[in-house]
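Taken in order, the sequence shown gives residues 3 to 119; the numbers are from the working numbering. Note that beta-carbon positions come from the ideal geometry of N, C-alpha and C, so glycine has one too. Please read these numbers as outputs of a predicted model, since none were measured by experiment. Notes to accompany the following structure.
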Amino acid sequence: VANIVSSSIQPLQNLAVLKYIEEKVSSAEKLTWVQYHIGKGFAALENLLEGYSGKYATGNEVFLADLFLAPQIDAALTRFSLDMTQFPLLSRLHDAYMELPAFQAAVPERQPDYVKH
3 VANIVSSSIQ PLQNLAVLKY IEEKVSSAEK LTWVQYHIGK GFAALENLLE GYSGKYATGN
63 EVFLADLFLA PQIDAALTRF SLDMTQFPLL SRLHDAYMEL PAFQAAVPER QPDYVKH
């Protein structure tokens, strides 16, 4: 899970990559592009986690997978407006993460150096 997020999803939404895409095409195409790549990764995660998830990604306690998933799902929703209806398991995990004070406090908007993109 951590590898899929850190190697296959997140690098494609780095600011440098998105600026390059925007320069080559347009803002609208950039959003479509990043939604496509996040969706592709999320589909793989849904398949991978289908039989293993409890309350959180790999059981009933927070583990490393959750620490990678929580910010990625949050970014997909808040920054890239990804339609999560096709990812019910990840949507459920996001809801579970947002019940935890540590995850609530960790969202980018609550950080002192937050810059809206």
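Taking all protein chains shown into account, do 16 or more other C-beta atoms lie within 10 angstroms of the C-beta of residue i, making it buried, or fewer, making it exposed?
{"i": "Val-117", "result": "exposed"}
{"i": "Gly-43", "result": "buried"}
{"i": "Ser-55", "result": "buried"}
{"i": "His-119", "result": "exposed"}
{"i": "Tyr-58", "result": "buried"}
{"i": "Val-27", "result": "exposed"}
{"i": "Leu-92", "result": "buried"}
{"i": "Gln-88", "result": "exposed"}
{"i": "Leu-20", "result": "buried"}
Per the DSSP calculation, residue i is bridged to which residue(s)?
{"i": "Tyr-58", "result": "Gly-61"}
Less than 8 Å between the CB atoms is what I'm expecting for residue i and residue j, so what's the real figure, rounded?
{"i": "Val-109", "j": "Asp-76", "result": "6 Å"}
{"i": "Leu-95", "j": "Gln-37", "result": "So it is not a contact: roughly 19 Å between Cβ atoms."}
Take residue i and list the residues in its own chain whose beta-carbon comes closer than 8 Å to its own, dropping the five residues that flank it on each side.
{"i": "Gln-46", "result": "Looking at the sequence itself, residue 46 is Ala, so the reference to Gln does not match. The residues are Ile-6 and Ser-10."}
{"i": "Ser-8", "result": "Phe-70"}
{"i": "Arg-112", "result": "Gln-106"}
What did DSSP end up calling residue i once you bin it into helix, strand or coil?
{"i": "Val-117", "result": "coil"}
{"i": "Glu-52", "result": "coil"}
{"i": "Arg-112", "result": "helix"}
{"i": "Val-93", "result": "Per the sequence presented here, residue 93 reads as Ser, with Val not at that position. Helix, per DSSP."}
{"i": "Asp-68", "result": "helix"}
{"i": "Glu-25", "result": "helix"}
{"i": "Val-19", "result": "helix"}
{"i": "Ser-83", "result": "coil"}
Skipping 5 residues on each side, what residues in its chain have a beta carbon closer than 6 Å to that of residue i?
{"i": "Met-72", "result": "Met is not the amino acid found at residue 72; the sequence shown has Ala there. Within the same chain, Ala-72 has close Cβ partners Tyr-99 and Phe-105."}
{"i": "Ile-23", "result": "Lys-32 and Trp-35"}
Going by beta carbon distance, what residues of the same chain come within less than 7 Å of residue i, once the five residues before and after it are set aside?
{"i": "Gln-97", "result": "This sequence places Asp at residue 97; Gln is not what is there. Excluding sequence neighbours, Asp-97 sits near nothing in its chain."}
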